[in-house]
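Chemist: Numbered per the numbering used here, the sequence shown spans residues 173 to 340.
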Amino acid sequence: MKSGRPRECVNDKPPRLSVLRLGHRRERDKRITSHLGLTARAFGADEVILAGEEDPGALETWNSVTSRFGGDFECRYEAKPLSWLRRFVQDSGDGEAGTLVHLTMYGEPLRKAIIKIDTSKPILVVVGGTKVPGEVFRLATHNISIGNQPHSEVAALAVFLDSFVGPL
Numbered sequence: 173m174k175s176g177r178p179r180e181c182v183n184d185k186p187p188r189l190s191v192l193r194l195g196h197r198r199e200r201d202k203r204i205t206s207h208l209g210l211t212a213r214a215f216g217a218d219e220v221i222l223a224g225e226e227d228p229g230a231l232e233t234w235n236s237v238t239s240r241f242g243g244d245f246e247c248r249y250e251a252k253p254l255s256w257l258r259r260f261v262q263d264s265g266d267g268e269a270g271t272l273v274h275l276t277m278y279g280e281p282l283r284k285a286i287i288k289i290d291t292s293k294p295i296l297v298v299v300g301g302t303k304v305p306g307e308v309f310r311l312a313t314h315n316i317s318i319g320n321q322p323h324s325e326v327a328a329l330a331v332f333l334d335s336f337v338g339p340l
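1) Kindly indicate the opening and closing residues of the beta strand (DSSP E) around Ala223.
2) Which residues does DSSP pair with Gly295 in a beta bridge?
3) Report the option in Arg198, Ser190, Arg310 and Ser255 whose CA atom is closest to the CA atom of Thr276.
4) For my contact list, Cys247 and Trp256 are in at a C-beta cut-off of 8 Å; report their separation, rounded to the angstrom.
5) Under a Cβ-count criterion, where at least 16 other Cβ atoms within 10 Å of its own Cβ denotes burial, should Thr302 be classed as buried or exposed?
6) Give every residue of the same chain whose Cβ lies closer than 6 Å to the Cβ of Glu268, excluding the five residues on either side of it in the sequence, and list them in chain order.
7) Can you confirm whether the stretch 312-322 touches the stretch 211-218 when touching is taken to mean that 3 or more C-beta pairs between the two stretches lie within less than 8 Å?
8) Please state the DSSP three-state secondary structure of Leu282.
9) Unbroken beta strand (DSSP E) runs of length 3 or more, entirely within the stretch 201-258: which are they?
10) Does Gly300 come out as helix, strand or coil in the three-state DSSP assignment?
11) So, helix, strand or coil for Gly306, using DSSP?
12) Where does the unbroken beta strand (DSSP E) through Ser317 begin, and where does it stop?
13) With DSSP collapsed to three states, give me the class of Leu194.
14) Cα separation between Asp227 and Arg198?
15) Assuming Leu254 and Pro305 form a contact by the criterion Cβ under 8 Å, report the distance between their Cβ atoms to the nearest whole angstrom.
16) Given His207, which residues of its chain have a CB within under 7 Å of its CB, disregarding the five upstream and five downstream residues?
17) My guess is that Ala223 and Leu194 are in contact by the Cβ rule of under 8 Å, so how many angstroms apart are they, rounded?
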């Protein structure tokens, strides 16, 4: 369910685009995490990965919306996200390193960073809920700020995906 194409895609095929929701807290974050996954789906991501407290309800919501509205969208739970991130930056599943994009207040401004993202390999967008471990900043290919003021991670993801994938 691609709504557009990332700029300057190699071979006219967009890369696999996944979103990792890091640090989910089941009771406190259920609505925001649900909306994060729905935003990822609506704005052109291929997959959302939930990390933190396991929450079958979030996965059920995303699967239900996909079955009712159609499209190819996957979701799953990752019990060991830091181990998985370490592997992803070495091998994204095809023997090549993946591109890790971390959305944070403390990164390079979106407009400067977005043109540097390699679209020839799978991309993982990390969105934190709680305090993000420093290792994520170090592993990231790009730490990108969507403004430098506190705001919703859902807003950050929507702005990033709209800028990267293209308008709906």
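From the three backbone atoms N, C-alpha and C, an ideal C-beta is built for every residue, glycine too.
Modeler: Reading off the structure:
1) Residue mapping note: residue 223 aligns to position 51 of the sequence shown, counting from 1. Looking at the DSSP string, the run of the beta strand (DSSP E) that includes Ala223 is Glu219 to Gly224.
2) Indexing the sequence shown from 1 puts residue 295 at position 123. Per the sequence presented here, residue 295 reads as Ile, with Gly not at that position. Answer is Leu189 and Thr271, bridged to Ile295.
3) Walking along the sequence shown from the start, residue 276 turns up at place 104. Closest in C-alpha terms to Thr276, from the list Arg198, Ser190, Arg310 and Ser255, comes Arg310.
4) Walking along the sequence shown from the start, residue 247 turns up at place 75. Walking along the sequence shown from the start, residue 256 turns up at place 84. Not quite, the Cβ-Cβ distance comes to about 15 Å (not below 8 Å), so this is no contact.
5) Walking along the sequence shown from the start, residue 302 turns up at place 130. Burial call: exposed.
6) Locating residue 268 in the sequence shown gives position 96, counting from the first residue. Residues Lys293 of the same chain have their beta carbon placed closer than 6 Å to that of Glu268, with the five preceding and five following residues left out of the count.
7) Contact fails: fewer than three Cβ-Cβ distances are below 8 Å.
8) For the purposes of this step, residue 282 is taken as residue 110 along the sequence shown, with counting starting at 1. The three-state reading of DSSP puts Leu282 in helix, counting H, G and I together.
9) Counting only runs of at least 3 residues, the stretch 201-258 fully encloses the following beta strand (DSSP E) elements, listed from N- to C-terminal order: 219-224 and 246-249.
10) For the purposes of this step, residue 300 is taken as residue 128 along the sequence shown, with counting starting at 1. The answer is strand: DSSP assigns Gly300 an E or B state.
11) Within the sequence shown, residue 306 is the residue found at index 134, counting from 1. Under the three-state reduction of DSSP output, Gly306 falls in the helix class.
12) In the sequence shown, residue 317 corresponds to position 145, counting from 1. First-last of the beta strand (DSSP E) with Ser317: His314 to Ser317.
13) For the purposes of this step, residue 194 is taken as residue 22 along the sequence shown, with counting starting at 1. Strand.
14) As a first step, residue 227 is located in the sequence shown; it is residue number 55 there, counting from the start. As a first step, residue 198 is located in the sequence shown; it is residue number 26 there, counting from the start. Between the C-alpha atoms of Asp227 and Arg198 there is a straight-line separation of about 6 Å.
15) To locate residue 254, count along the sequence shown from 1; it is residue 82. To locate residue 305, count along the sequence shown from 1; it is residue 133. For a cut-off of 8 Å, the C-beta gap from Leu254 to Pro305 is around 7 Å, short enough to register as a contact.
16) Sequence index remark: in the sequence shown, residue 207 carries index 35 (1-based). Residues Val326 of the same chain have their beta carbon placed closer than 7 Å to that of His207, with the five preceding and five following residues left out of the count.
17) Position 51 of the sequence shown, counted from the first residue, corresponds to residue 223. Position 22 of the sequence shown, counted from the first residue, corresponds to residue 194. The Cβ separation is near 5 Å, so the contact holds.
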